[in-house]
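> Please see the structure below; I have some questions.
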Amino acid sequence: MFTPDNILTTTIDKAVRWSRTQSMWPVTFGLACCAIEMMAAGSAKYDLARYGMEVFRASPRQADLMIVAGRVSQKMAPVLRQVYDQMAEPKWVIAMGACSSTGGMFNNYALVQGVDHIVPVDIYVPGCPPGPQSLMHGILTLHQKIMDGEINR
Amino acid sequence: MKSEVINVNAEEYKEVITNIKKDGYEMMVDLTAVDWYRKKEPRFELVVQFLSVSKNSRKTVKVKINDENLNIQTITDLYPGANFYEREVFDMFGIEFENHPDMTRILMPDDWVGHPLRKNYGSGRIPVQFKNAPKVE
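Those protein sequences? They're chains L and C, same order as listed. Numbering follows my numbering, in which position 55 of the first sequence is assigned residue number 55; successive positions increment by one, without gaps. Numbering follows my numbering, in which position 30 of the second sequence is assigned residue number 1030; successive positions increment by one, without gaps.
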């Protein structure tokens, strides 16, 4: 119960970092098969809602995290960059799967060889595609990274 | 089901398609091209498939297209569904369709140079650590 005489002591830094991790809304950016695994992570069995992350926003203005799930073609690259630019600070990027991390099996003219050519990436999740567990491990690692990091990025 | 392959040259192409349409082939199923680079002359071949549901019959039209003159009449006025197929063939092989309503690239970015499905277009592969992949231009 929350009564008026309860006191919670913490530092501003810690409170800010904690609040950033606890409802990190991802922007919808599913590009290929990884998106299916991302949706599975959001659904009842794996339940991203446990971390306050179940709301995949259709607008980048309302999002904190971009999960790039799938291969990024040369034509999609400027779109991806624009969506990233439209997100409000602070913002983070997870490159989900082999394709968005490195280009994966598609080493050819059509695809960007790693989404880190376009946007700064915080976490790379390996796998082809990574399962919901791997994605959630990536997300928890990102949470840990935020908790350990500075509030001014 | 009946099926038939017709070889025509580029000048007769539009006329043949007009007759196919009149014969009751309602549907243009596919329109694509083949690059016979260093294998056959002339280099390009346009392949168009038609289906008649009412007659239960298919037709394939193959057109040889010369390397020097990569122009052919569009069939979008007869089969509107051919629109995007012709744009894709233009994008990937560089065959231009005359009188097409919007002859622009469809898959690659607008400022792209070259036509990726031509056999002399490199895969654009970049060297990868641990794999010794040679750089292909």
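We put the beta carbon where it would ideally sit given N, CA and C, even for glycine. None of these values were measured; they are calculated from a predicted model.
1) Compute the beta-carbon to beta-carbon distance between Ile1020(C) and Phe1044(C), rounded to the nearest angstrom, for a pair I have assumed lies under 8 Å.
2) Quick one: what does DSSP say Thr1060(C) is sitting in, helix, strand or coil?
3) Listing by chain order, which chain L residues have their CB less than 8 Å from the CB of Ser1123(C)?
4) What does DSSP give as the partner residue(s) for Gly163(L) in the beta ladder?
5) Answer with yes or no whether the minimum CB distance from Met1108(C) to chain L is below 8 Å.
6) Leaving out five residues on either side along the sequence, give the residues of the same chain with a beta carbon under 7 Å from the beta carbon of Met1001(C).
7) Sort His143(L), Ala35(L), Leu48(L), Ile118(L) by Cα distance to Tyr84(L) and report the nearest one.
8) Relative to the alpha-carbon of Val115(L), which residue among Val72(L), Asp148(L), Cys128(L) has its alpha-carbon at the smallest distance?
9) Would you give the residue range spanned by the beta strand (DSSP E) that Leu1051(C) belongs to?
10) Would you call the CB atoms of Ser1052(C) and Gly1081(C) closer than 8 Å?
11) Which residues bound the beta strand (DSSP E) around Ile123(L)?
12) I'd like to know if Ile1017(C) contacts chain L, where contact means its C-beta is closer than 8 Å to some C-beta of that chain.
13) Taking 8 Å as the CB-CB limit, is Ile1072(C) close to chain L?
14) For Leu111(L), collect the residues of the same chain with a Cβ closer than 8 Å to its Cβ; drop the 5 residues on either side in sequence, then sort them by chain order.
15) In angstroms, rounded to a whole number, what distance separates the CA positions of Cys128(L) and Val1048(C)?
16) Going by the beta-carbon positions, is the gap between Thr1074(C) and His1115(C) smaller than 8 Å?
17) Out of Ser1123(C), Leu1078(C), Trp1112(C), state which residue places its alpha-carbon closest to the alpha-carbon of Lys1022(C).
18) Between which two residues does the alpha helix (DSSP H) holding Trp18(L) run?
19) In chain order, which continuous runs of the beta strand (DSSP E) of length 3 or greater are located wholly inside the region 63 to 123 of chain L?
20) Could you spell out the range, first to last residue, of the beta strand (DSSP E) harbouring Ser134(L)?
21) Can you tell me where the alpha helix (DSSP H) with Ile1020(C) in it begins and where it stops?
22) When you compare only the Cα positions, how much space is there between Arg1125(C) and Asn107(L)?
23) Distance, Cα to Cα, Val1016(C) vs Ala1010(C)?
24) What did DSSP end up calling Asp1030(C) once you bin it into helix, strand or coil?
25) When you compare the CB positions of Thr28(L) and Arg61(L), do they come within less than 8 Å of one another, or not?
26) Starting from Lys75(L), find everything on chain C with Cβ-Cβ shorter than 8 Å and list it in chain order.
27) Give me, in chain order, the residues of the same chain whose beta-carbon lies closer than 7 Å to that of Ala35(L); leave out the 5 immediate sequence neighbours on both sides.
28) Check each candidate in Ala77(L), Ala63(L), Gly149(L) and name the one with the smallest Cα separation from Gln86(L).
29) Given Gly52(L), which residues of its chain have a CB within under 6 Å of its CB, disregarding the five upstream and five downstream residues?
30) Can you confirm whether Pro1080(C), when its beta carbon is compared against all beta carbons of chain L, has any partner nearer than 8 Å?
Reading from the atomic positions:
1) Between Phe1044(C) and Ile1020(C) the Cβ distance is about 21 Å, and since that is not below 8 Å, they are no contact.
2) strand
3) Asn107, Asn108, Tyr109
4) Outside the shown range of chain L (1 to 153) lies residue 163(L), about which nothing can therefore be said.
5) yes
6) Excluding its 5 nearest sequence neighbours in each direction, Met1001(C) has C-beta neighbours in its own chain below 7 Å: Asn1056, Ser1057, Arg1058, listed in chain order.
7) Ile118(L)
8) Val72(L)
9) 1044 to 1052
10) Ser1052(C) places its beta carbon 8 Å or farther from that of Gly1081(C).
11) 123 to 125
12) No, its Cβ sits nowhere closer than 8 Å to a Cβ of chain L.
13) no
14) Contacts found: Arg71, Val72, Ser73, Gln74, Cys99, Gly103.
15) 36 Å
16) The answer is no: Cβ separation not under 8 Å.
17) Per the Cα distances, Leu1078(C).
18) 12 to 22
19) 65 to 69, 92 to 96
20) For Ser134(L), no beta strand (DSSP E) encloses it; the enclosing alpha helix (DSSP H) starts and ends at 132 to 148.
21) 1013 to 1022
22) Spanning the two alpha carbons is a distance of roughly 5 Å.
23) One C-alpha to the other measures close to 10 Å.
24) strand
25) no
26) Leu1107, Met1108, Pro1109
27) Hits under 7 Å: Ala69, Gly70.
28) Ala63(L)
29) Once the five neighbours on either side are set aside, the close Cβ partners of Gly52(L) are Gln22, Ser23.
30) no
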